[in-house]
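Here is the structure we will look at, set down as structure tokens.
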Amino acid sequence: MLRKLMIALPVFFAVIFGQESDNAAVQNESNNNSSSEKIAELEGKVNGLEESYLETKATVSKLARLKVSGYLQAQWAHAETLGVSTSKAGAKFDKGTDNRFFVRRGRIKFNYNNGLSQYVLQFDASSGGFEIKDAYLSFKEPWLKNFTATMGIFDRPFGYEISYSSSMRESPERSRVYQTLFPKEREIGAKLAFSADQGIASFFNLKAGIFNGVTTLQLDNDDSKDFIGRAGFEIPLRNAGMGIDGGFSTYLGKVTNTDTNATGITKGAAYEMYGEVFKRMTGQKGKEFNRQYFGLDLQYYLDIPVIGGLTLRGEYLWGVQPGTSSSSSFYQPSSGGAPHGAVYSRNFSGAYLYWVQCWGTKVQSVIKADYYDPNVDVEKHDIGVSGSGTGIADIAFKTAGVGLVYNWDANLKFMFYYDIPRNEKSFNLTNKDPYKNFSRDLKDNVFTLRLQYKF
């Protein structure tokens with residue numbers, strides 16, 4: 150019995166421990182399978198996170214190329230008398246009021262730039278309505294990266310004041326000569342620009358373009374295209390704390406007469422100055438007349454220690470401007486291409502000068518003077534002479550302005566500005582309407598209080 154028990158015990162334990170070993174092996178295999186599944190699951194999650202990261206990175210990379218900016222100008226203007234209409238201070242007054250609140254500009258700009266090319270779209274929402282200001286694409290050549298081509302709606306490449314942003318300008322509006330010759334500032338066309346970052350070429354820049362010759366809201370009505378260009382220079386004198394920039398600009402274009410007065414071979418009229426009188430020419434419908442501007446601009450910058458920076462800048466413009474009997478502004482077909490009346494061709498001149506002084510980092514003072522003479526061939530009491538064809542559209546204006554700009558913070562600034570226009574006088578232009586009586590100086594001074602927020 151004992152002997153049988155001694156033989157059975159090893160077998161029993163072998164069976165027991167063998168089963169336990171088998172169970173352990175099974176358990177180990179199960180654990181290994183579970184770990185593999187967890188690792189595979191973790192790998193899947195990591196791969197998913199990596200895909201999400203790459204997608205997010207691509208999105209962020211695209212968003213980094215998109216810049217959104219804008220500014221809003223809310224202001225209050227007060228005129229010297231009721232119903233001022235001859236001021237170029239940016240405020241239009243009804244005959245029953247001499248002050249008003251309004252939004253002068255409300256801009257939002259989108260700029261997508263990938264380095265060699267960019268897309269720009271800018272809108273303006275103001276008291277005057279809603280309109281597109283910029284809509285263009287541009288691209289650089291990939292070798293020197295000095296030449297840039299642009300097509301769409303953008304600033305006319307003439308002079309300095311057009312391209313100087315309204316958010317930066319120290320006066321509420323551009324000078325009268327620019328408001329008259331370049332309404333809306335923008336045009337539809339194509340432009341090629343040159344500028345370099347290094348070497349002697351960095352002291353020079355060039356912009357030249359071909360344009361329709363009408364404002365952005367109008368359809369082109371002829372085959373003629375206008376050339377606008379500026380050749381500029383920049384001389385940085387950093388060691389002396391100074392800088393001098395300048396340029397020469399030209400506008401060479403044509404205007405098609407859309408007048409439909411008279412009939413037959415005499416259909417359409419146009420007028421050109423002979424001495425101090427407009428001479429009428431018949432049979433001018435569809436004929437082209439020159440629109441030619443020339444301009445010189447100069448800017449001087451000086452860093453005055455302790456006080457702040459000083460800026461002097463000015464421009465002088467002259468040339469030939471086709472207008473109408475009642476206006477020397479930009480001649481073009483009426484909305485929808487309707488006739489605009491006979492062309493009146495005038496020789497003009499105009500200029501402006503700014504003196505801007507910074508007082509520390511918060512305050513700027515500005516003194517501005519500008520003039521615009523729409524017809525240099527006639528002046529004062531020779532204007533409005535019976536039979537001469539001249540009138541209020543030939544009156545010259547000289548304007549003085551003084552202002553103060555206070556920068557509240559990096560985004561908000563206040564502007565206080567007083568505009569003082571003085572018109573040319575002629576006793577031939579007496580009128581019962583006080584707003585058209587150019588036998589005296591009109592009471593059309595305007596004070597502007599502006600709040601601007603820029604981001």
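For the sequence shown, the working numbering assigns the number 150 to the initial residue and increments by one for each residue that follows. Glycine included, C-beta positions come from ideal geometry on N, C-alpha and C.
Sufficient close CB pairs (3 or more, under 8 angstroms) joining the stretch 339-349 to the stretch 422-432: no
Residue range of the beta strand (DSSP E) that residue 521 falls in? Against the sequence shown, residue 521 aligns to sequence position 372. Per DSSP, residue 521 belongs to the beta strand (DSSP E) from 512-522.
Buried or exposed by the 16-neighbour rule on C-beta atoms within 10 Å, applied to residue 562: Looking up residue 562 in the sequence shown gives position 413. By the neighbour-count rule (16 or more Cβ atoms within 10 Å), residue 562 is buried.
What residue range is occupied by the uninterrupted beta strand (DSSP E) comprising residue 601? Here residue 601 is taken as the residue at index 452 of the sequence shown, counted from 1. Its beta strand (DSSP E) spans residues 595-603.
Helix, strand or coil for residue 208? Go by DSSP, reduced to three states. In the sequence shown, the residue the question calls residue 208 occupies position 59. Helix.
Residue span of the beta strand (DSSP E) that contains residue 271, given as start and end: If you number the sequence shown from 1, residue 271 lands on position 122. Segment 266-275, the beta strand (DSSP E) holding residue 271.
For residue 560, does the count of other Cβ atoms within 10 angstroms reach 16, so buried, or fall short, so exposed? Here residue 560 is taken as the residue at index 411 of the sequence shown, counted from 1. Exposed.
Go ahead and label residue 290 buried or exposed: buried means 16 or more other beta carbons lie within 10 angstroms of its beta carbon, across all protein chains shown. In the sequence shown, the residue the question calls residue 290 occupies position 141. So residue 290 counts as exposed.
With residue 464 and residue 446 assumed to form a contact (beta carbons below 8 angstroms), what rounded beta-carbon distance in angstroms separates them? Reading the sequence shown from its first residue, position 315 is the one you call residue 464. Reading the sequence shown from its first residue, position 297 is the one you call residue 446. Yes, residue 464 and residue 446 are in contact; Cβ-Cβ is about 4 angstroms, under 8 angstroms.
Does the beta-carbon of residue 386 have 16 or more other beta-carbons within 10 angstroms, so that it is buried, or is it exposed? Here the question's residue 386 lines up with position 237 in the sequence shown. Counting Cβ neighbours within 10 Å, residue 386 comes out exposed, since fewer than 16 surround it.
Could one say the Cβ of residue 245 lies closer than 8 angstroms to chain B's Cβ atoms, at least one of them? Of the protein chains in this structure there is only one, and it is not chain B.
Verify whether the separation of the beta carbon atoms of residue 529 and residue 588 is less than 8 angstroms. For the purposes of this step, residue 529 is taken as residue 380 along the sequence shown, with counting starting at 1. For the purposes of this step, residue 588 is taken as residue 439 along the sequence shown, with counting starting at 1. No, Cβ-Cβ distance for residue 529 and residue 588 is not below 8 angstroms.
Verify whether the separation of the beta carbon atoms of residue 441 and residue 503 is less than 8 angstroms. The residue labelled residue 441 in the question sits at position 292 within the sequence shown. The residue labelled residue 503 in the question sits at position 354 within the sequence shown. Going by beta carbons, residue 441 and residue 503 fall outside the 8 angstroms limit.
Run of the alpha helix (DSSP H) containing residue 426, from where it starts to where it stops: Taking the first residue of the sequence shown as 1, we reach residue 426 at position 277. Per DSSP, residue 426 lies in no alpha helix (DSSP H); the unbroken beta strand (DSSP E) holding it starts and ends at 426-431.
Excluding five sequence neighbours on each side, which residues of the same chain lie with their C-beta closer than 6 angstroms to the C-beta of residue 482? Locating residue 482 in the sequence shown gives position 333, where the first residue counts as 1. For residue 482, where only same-chain residues beyond five positions count, the Cβ hits under 6 angstroms are 370, 407, 489.
Span separating the alpha-carbon of residue 322 from that of residue 251: On the sequence shown, position 173 is the one that residue 322 refers to. On the sequence shown, position 102 is the one that residue 251 refers to. Computed Cα separation, rounded: 15 angstroms.
Contacts around residue 526, its chain only, beta-carbon distance under 7 angstroms, and the 5 residues preceding and following it disregarded: In the sequence shown, the residue the question calls residue 526 occupies position 377. Cβ neighbours of residue 526 beyond the five flanking positions: 422, 425, 496.
For residue 227, which residues in the same chain have their Cβ closer than 6 angstroms to its Cβ, ignoring the five residues on either side in sequence? Working through the sequence shown from its first residue, we reach residue 227 at position 78. Correct list, in chain order: 248, 596.
Quick one, which of 350, 240, 311 has its alpha-carbon nearest residue 567's? Residue 567 sits at position 418 when you count from the first residue of the sequence shown. Of the candidates 350, 240, 311, the one whose C-alpha sits nearest the C-alpha of residue 567 is 240.
Length of the line joining the Cα atoms of residue 546 and residue 577: What you label residue 546 is simply residue 397 of the sequence shown in a count that begins at 1. What you label residue 577 is simply residue 428 of the sequence shown in a count that begins at 1. One C-alpha to the other measures close to 17 angstroms.
Assign residue 352 to one of two classes, buried (16 or more other C-beta atoms within 10 Å of its C-beta) or exposed (fewer than that). In the sequence shown, the residue the question calls residue 352 occupies position 203. Residue 352 should be labelled exposed.
Below 7 angstroms CB to CB, which residues in the same chain sit around residue 516 once its five sequence neighbours on both sides are set aside? Residue mapping note: residue 516 aligns to position 367 of the sequence shown, counting from 1. Cβ neighbours of residue 516 beyond the five flanking positions: 504, 551.
Please determine if the stretch 212-228 and the stretch 187-202 are in contact, where contact requires at least 3 C-beta pairs separated by less than 8 angstroms. no
Would you kindly work out how many angstroms separate the C-alpha atoms of residue 461 and residue 311, rounded to a whole number? Stepping through the sequence shown from its first residue, residue 461 is reached at position 312. Stepping through the sequence shown from its first residue, residue 311 is reached at position 162. Going by the C-alpha atoms only, they are around 17 angstroms apart.
With distances taken Cα to Cα, identify the nearest neighbour of residue 603 among 279, 356, 444, 316. Start at 1 with the first residue of the sequence shown, and residue 603 comes out as number 454. Comparing Cα positions, the closest option is 316.
Quick one: using the 10 Å Cβ neighbour count with 16 as the cut-off for buried, is residue 198 buried or exposed? In the sequence shown, counting from the first residue as 1, residue 198 sits at position 49. Result: exposed.
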